[in-house]
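Visitor: Chains as they are written, first to last, in the working numbering: chain D, 1 to 373; chain E, 1001 to 1354; chain B, 2001 to 2158; chain Z, 3001 to 3164.
Every residue, glycine too, gets a C-beta built ideally from N, C-alpha and C.
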Amino acid sequence: MDTTIKNSNLKSEEYFINMGPQHPATHGVLRLLLTIDGEIIKKVEPDLGYIHRSIEKMCERDSYQQIVHLTDRMDYLSSHINNEAVCLAVENALQLEVTERVKVIRTIIGELTRIASHTLWWGVMGMDVGALTTYFYGFRDREMINDIFEETCGARLTMNYNLPGGLMFDIHPNFVKRTKEFIAHFKTKLPEYDTLLTGNVIFQKRMKGVGILSKEDAISFGASGPVGRGSGYSCDVRKHHPYSALDKVTFNEVLKTEGDSFARYQVRIQEMWESMSIIEQLIDNIPEGDYQTATNAVIKLPKGEFYQKVETARGELGVYIVSTGTKNPYRLKFRSPGFSNLSLLNHIAVGGKIGDLVASMATLDLVIPDIDR
Amino acid sequence: MNISLNITKTITELLSGFMSEGAANIGAMVTIALIYLAIFAVAGLYLVLLERKVAAWFQLRLGPNRVGPWGLLQTMADALKLVSKELTGTVKADKFLYNLAPYFVIVSSLMALSVFPFTQEFQAFDINIGLFFLIAISSIGVIGILLGGWASNNKFALIGAMRSGVQTISYELSVGLSLLTMVLITGSFQLSEIVEVQKNGWLIVQGHIPALIAFMIYMIAGTAETNRAPFDMVEAESELGAGFHTEYSGMKFAYFFLAEFINMFIIAAVATTVFFGGWLSPFGITESIPWLGVFWFIGKTFMLVFLMMWFRWTFPRLRVDQLLTLEWKYLLPLNLLNIILMALIVWLNLTIQF
Amino acid sequence: MSYFGDIYKGIKTLLTGMSVTGKYFLTSHKGAITQQYPDNRDTLKMFERFRGEVVMPHNEINEHRCTGCQKCELACPNGSIEIIWDRQIDPETGKKKKMIDKHIYHLGMCTMCGLCIEACPTDAILWAQNYENSVYNRSALTKVLNQPGSKLMPGVED
Amino acid sequence: MDLMKVNKTAFMTNEALQNLISSWIPELEFTEEGSQFLNITVKPEQLHTLMSQLKSNNETSFDYLFCLSGIDWEPKLGVVYHLESTKHRHIIVVKISTEDRENPTFDSVCDIWKTAEFHEREVFDFFGIKFNNHPNLKRLFLTEEWEGFPLRKDYVDEINMVIK
């Protein structure tokens, strides 16, 4: 609030505006109750529940294979990594050893999902900030990955390719060829993202110094994924608690310290390069072996509690299963990354303008079904 | 092939045959107004189609190609659809102002069209304060937007309208000043006079460096004037939904939409007349056939329209306060410096004459 | 004098941005990335693992492989498969045997998860690759997979 | 390599954690069976003191509350806190539970970790567990006039709940 407004007797009244649940900037059915004074935002209060299907209650009546298919519908942009989370939790609980081939394939498809999610985020981030052409360049690259998934798993978005104990069927013969083609194509196109948007002076002015999140606040708000790493908080589950074949690949965790929207943007762009290098390290030597280790038809987890952490495109997804030995879990809680990332929206948006709120929300990369579950 | 191009004179003579002098003048004015309205309504539609096609080519798409051959009738179909749409409105909207707003916008943009010299004498309204009249008229459009946004009793529309008020007022300044720098060379506001002066070298060449700076400032301010990206905070899709024309539907929305495109055409047309020698062919190659000048004029205008579309489909949007800092802290000082520079050059007559 | 410096830098970045879209504008004659769906309908072929709809293949003499064991009904997360079976006399062995009468499949409720096909012991149901499943009224989405008058293929044991 | 093995190489093993924490508050129950981490069950009154010590003491420094979930242990209603230290990378689980199902209330921890504010509102929404001195404790997902708490085991709702 610069001083001019403060000491002038011109008293401007706050008023209340409803952003959502049907609004272009909220990417889904999120309703934000904004209290604004002119252009400056005083308070942001999210109102959730528009797409709440109470997945956790459904899990209490479903068998473990059926729970895996539910997780597709949570964070639909990293559906494969969600499936992998539940499958890993079940496999670790049963002490079921999965073949190397399955681990490598899961990691490759996981990284491909991350790139697909980041390209969609980049396209839609451009639209939120006003550059409408970025959407089509982002989707052109994402479509190539969707074709790879469609050929191997049969579905483009909600794949349900994972089963506790391995994969539903083996990778398609020209999976490797298509992935290499995509990597070669994307290596020429990703620098274009930078020249088109990152370098742009208007874009930098819109993003730098907007929605600043300090490292302590990031940890205290439980921000994970690119949102946390944009503020210098090293929270990459792939580094601290590696799973599947991630401990065999070398990649560096992208960390920025400014903590503003531009830092979060750069983390995601750099992460795409890292994911590509991970895929390159694994794609050429996918070990032989069968793609599914037999599990009995009705899976019963031993009595006890099991927790599995996984790094989705949005952050740290946690699956907490409390089992009493029956065929469906006693309680299953999903720690969703979007939920905590949303909780810090009020903290970073207050004092900014409506344009800043839209820009910082775009860099939080919220997927509403992941928040509402 | 020498049909007289001065349509106003010919029509008045035609009408004065069987009407009194005064009535003939009014009759001529009404007919020319109807001709211009018809031409530019259709031109507006095809500008919309051009924008959609150009946007598609930028974005690896095909653009409208279903309605009519190569999609040429697409915007005609849109216009028919908009005409048949129900005119809804908000409950507690201020009915009179709500309905008045679109007319402000469309009338001001059509009035500004009357001043342009398409070729030799083919000009509806050749007044000696041409440029000054243009700038005055184009600032009336903003009243329509403010009225529309305020009267439709919708908070998003109100924010959009306030933003457009701030934006247009501040960018009027640099549009006016940058055109002023060019008037230093021509010496007169009359548009046909400006084109006359450019017979020996387009103004952008005559004024070389300061003219180029003035042209760049004018294009930036012109894009902001018509509320087009990268300054389209007025109807920022991702922030305000549809901005000031959220509550308008049917023909009223069509007026706003058409007015935006005709404004774009006006900004480009002013730039061609003032900077790129209106209907003059580059080195006088088609001097002999006067009516060919129309194609030169339309061609140059469409080049500038394409440039403005290129801006729209590449740049992200500015925030409102950045928009104001850009105007008051960057464009205005540059403009003033530019005027002094141009005055120096004209005084020492260093302009390049052919 | 960073004033003019950042004006110059700003304009330079704007121009590089425009060069990217300009390049795409000039190469737009190479064709769009969008799929022209209604026009390319006859040439459009889905991948062979594409999950369009669950179907039960029948051989020429109208025999299928479904024994009515209801494993797929149990495996389905949202109850989109209903098996109606009844006890009939098996012609060879003369004993009472569980025979399939109707295998009802609600395409409207199916989420294409593939667990039923995974659970089927005799591979009776497979994925079809059709992608135009929209209908005008919802009852058309409830399909009976085994054709009328079809029998179990001999030699297929539960 | 799942979470179980990583925890062993962390800065402090479970045993070291256990005797350090038990030195603060006497009657705490420590168990490790049936879970990958050290579980601490604490009485609701000592919750806030234990939690603030867990965060402030720089040997444990559990500054990252990554999962707060409500659980209905049939007779008892409880809340489970999963804590991780970003410095030492070790993880512990703190559990509290109460018999009274009409008006279960615990101390809120959202003054220690800001993420707890939203998570506690979610637990209140689905379990009806109230947290005192919570800034604005009202339903997060469901509408205000929704009666009953869906994630409780004894919740019955013929319309929305399809029992297989």
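Check whether the region 221 to 229 of chain D touches the region 338 to 351 of chain D, counting contact only when three or more Cβ pairs, one atom from each stretch, lie closer than 8 Å.
Guide: Yes, since at least three Cβ pairs between the region 221 to 229 of chain D and the region 338 to 351 of chain D fall closer than 8 Å, the two stretches touch.
Visitor: Taking the beta strand (DSSP E) that D:Pro-226 belongs to, which residues open and close that run?
Guide: Element bounds for D:Pro-226: not the beta strand (DSSP E) but the alpha helix (DSSP H), 226 to 230.
Visitor: Does D:Ser-360 come within less than 8 Å of chain Z when only Cβ atoms are used?
Guide: It does not: the Cβ of D:Ser-360 has no partner Cβ on chain Z nearer than 8 Å.
Visitor: Since Z:Cys-3110 and Z:Pro-3135 should fall inside the 8 Å C-beta cutoff, what is the C-beta to C-beta distance between them, to a whole number of angstroms?
Guide: Confirmed, about 7 Å.
Visitor: Using a C-beta cutoff of 8 Å, does B:Tyr-2037 count as contacting chain E?
Guide: No - not a single Cβ of chain E is within 8 Å of the one on B:Tyr-2037.
Visitor: Determine the contact status of B:Cys-2072 and B:Ile-2081, defining contact as a CB-CB distance below 8 Å.
Guide: Yes, Cβ-Cβ distance for B:Cys-2072 and B:Ile-2081 is below 8 Å.
Visitor: Taking the straight line between their C-alpha atoms, what separation do you get for E:Gly-1068 and E:Ala-1077?
Guide: If I take the Cα positions, the gap works out to 9 Å.
Visitor: Give me, in chain order, the residues of the same chain whose beta-carbon lies closer than 7 Å to that of E:His-1245; leave out the 5 immediate sequence neighbours on both sides.
Guide: The answer, listed in chain order, is Gly-1148, Glu-1235, Phe-1253, Phe-1256.
Visitor: Which ranges would you report for the alpha helix (DSSP H) in the region 1175 to 1249 of chain E if only whole runs of at least 4 residues count?
Guide: Within the region 1175 to 1249 of chain E, the complete alpha helix (DSSP H) runs of at least 4 residues are 1191 to 1197, 1203 to 1206, 1208 to 1225, 1237 to 1240.
Visitor: Within 10 Å of its beta-carbon, does Z:Phe-3149 have 16 or more other beta-carbons around it, so buried, or fewer, so exposed?
Guide: Classification for Z:Phe-3149: buried.
Visitor: Taking the beta carbon of D:Met-125 as the centre, do at least 16 other beta carbons fall within 10 Å, making it buried, or is it exposed?
Guide: Result: buried.
Visitor: Only counting the same chain, and skipping five residues up and downstream in sequence, which positions put a Cβ closer than 8 Å to that of E:Phe-1215?
Guide: Here the set comprises Ser-1178, Ile-1204, Ala-1271, Phe-1275.
Visitor: Since Z:Ala-3116 is in the alpha helix (DSSP H), which residue starts that stretch and which ends it?
Guide: Here the alpha helix (DSSP H) through Z:Ala-3116 covers 3116 to 3127.
Visitor: Should Z:Ser-3108 be labelled buried (16 or more other beta-carbon atoms within 10 Å of its own) or exposed?
Guide: By the neighbour-count rule (16 or more Cβ atoms within 10 Å), Z:Ser-3108 is buried.
Visitor: Give the residues of chain E in contact with B:Gly-2005, contact being defined as C-beta atoms less than 8 Å apart.
Guide: Those within 8 Å of B:Gly-2005 in chain E number zero; the least Cβ separation is about 13 Å.
Visitor: Against B:Thr-2013, what residues of chain D qualify as contacts under a CB-to-CB distance less than 7 Å, listed in chain order?
Guide: Per Cβ cutoff of 7 Å: Gly-199, Asn-200, Val-201.
Visitor: Can you look up B:Leu-2014 in the DSSP assignment and give me helix, strand or coil?
Guide: In this structure, B:Leu-2014 counts as helix in the three-state DSSP scheme.
Visitor: What residues in its chain sit with their C-beta under 6 Å from that of Z:Thr-3009, if we drop five residues either side in the sequence?
Guide: The predicted model places Z:Thr-3009 with a pLDDT of 47, which falls under 50 and marks its position as unreliable, so this point remains unresolved.
Visitor: Taking Cβ-Cβ distances shorter than 7 Å, what residues in chain E pair up with B:Tyr-2008?
Guide: Chain E residues near B:Tyr-2008: none, gap ~12 Å exceeds 7 Å.
Visitor: Closer than 6 Å by C-beta to D:Met-1: which residues in its own chain qualify, once you throw out the five before and the five after it? Chain order, please.
Guide: Only weak support is given to the placement of D:Met-1: the predicted model assigns it a pLDDT of 42, under 50, and the question is left unresolved by the model.
Visitor: Quick one: using the 10 Å Cβ neighbour count with 16 as the cut-off for buried, is D:Val-90 buried or exposed?
Guide: Result: buried.
Visitor: Note down the Cα distance separating Z:His-3165 from Z:Glu-3120, rounded to an integer number of angstroms.
Guide: Any question about residue 3165 of chain Z goes unanswered here, given that chain Z covers just 3001 to 3164.
Visitor: Chain E beta carbons: is any one of them nearer than 8 Å to that of B:Phe-2047?
Guide: Not one chain E Cβ lies under 8 Å of B:Phe-2047.
Visitor: Specify the secondary structure class of D:Glu-311 as computed by DSSP and reduced to three states.
Guide: Strand, per DSSP.
Visitor: Which of the three DSSP states, helix, strand or coil, is assigned to D:Cys-87?
Guide: D:Cys-87: helix per DSSP, three-state reduction.
Visitor: Would DSSP call D:Gln-292 helix, strand or coil?
Guide: Reduced to three states, the DSSP call for D:Gln-292 is strand.
Visitor: Spatial neighbours of D:Lys-327 within its chain, please: CB distance less than 6 Å, with the 5 preceding and 5 following residues excluded, ordered by chain position.
Guide: Hits under 6 Å: Ser-63, Val-298, Lys-300.
Visitor: Within 8 Å, do at least three Cβ pairs link the region 156 to 170 of chain D to the region 70 to 88 of chain D?
Guide: With a cut-off of 8 Å, the region 156 to 170 of chain D and the region 70 to 88 of chain D count as touching, because enough Cβ pairs lie within range.
Visitor: Would you mind telling me which residues of chain E sit closer than 7 Å to D:Ala-85, beta carbon to beta carbon, in chain order?
Guide: Going along chain E, no residue has its Cβ under 7 Å from D:Ala-85, so there is no contact; the nearest lies around 32 Å.
Visitor: For the region 2015 to 2036 of chain B, list every residue whose C-beta sits within 8 Å of some C-beta in chain E, in sequence order.
Guide: Residues Gly-2017, Met-2018, Val-2020, Thr-2021, Gly-2022, Tyr-2024, Phe-2025, Ser-2028, Ala-2032, Ile-2033, Thr-2034, Gln-2036.
Visitor: Quick test of your reading: Z:Ile-3096 and Z:Phe-3062, contact by CB under 8 Å. State the CB separation rounded to the nearest angstrom.
Guide: With a Cβ gap of about 16 Å, Z:Ile-3096 and Z:Phe-3062 do not count as contacting.
Visitor: Put Z:His-3048 into one of helix, strand or coil per three-state DSSP.
Guide: The answer is helix: DSSP assigns Z:His-3048 an H, G or I state.
Visitor: List in chain order: all unbroken beta strand (DSSP E) runs of 3+ residues lying wholly within the region 314 to 360 of chain D.
Guide: You should have 316 to 323, 331 to 335.
Visitor: In the DSSP output, which residue or residues are listed as bridge partners for Z:Asn-2983?
Guide: Because chain Z is modelled from 3001 through 3164, residue 2983 of chain Z falls outside the range shown and cannot be assessed.
Visitor: Alpha carbon to alpha carbon, how far is E:Val-1305 from E:Ala-1055? Give it in angstroms, no decimals.
Guide: The alpha-carbon atoms of E:Ala-1055 and E:Val-1305 are separated by roughly 12 Å.
Visitor: With a threshold of 8 Å between beta carbons, is B:Leu-2107 in contact with chain D?
Guide: Not closer than 8 Å to any Cβ of chain D, the Cβ of B:Leu-2107 fails to qualify, so no.
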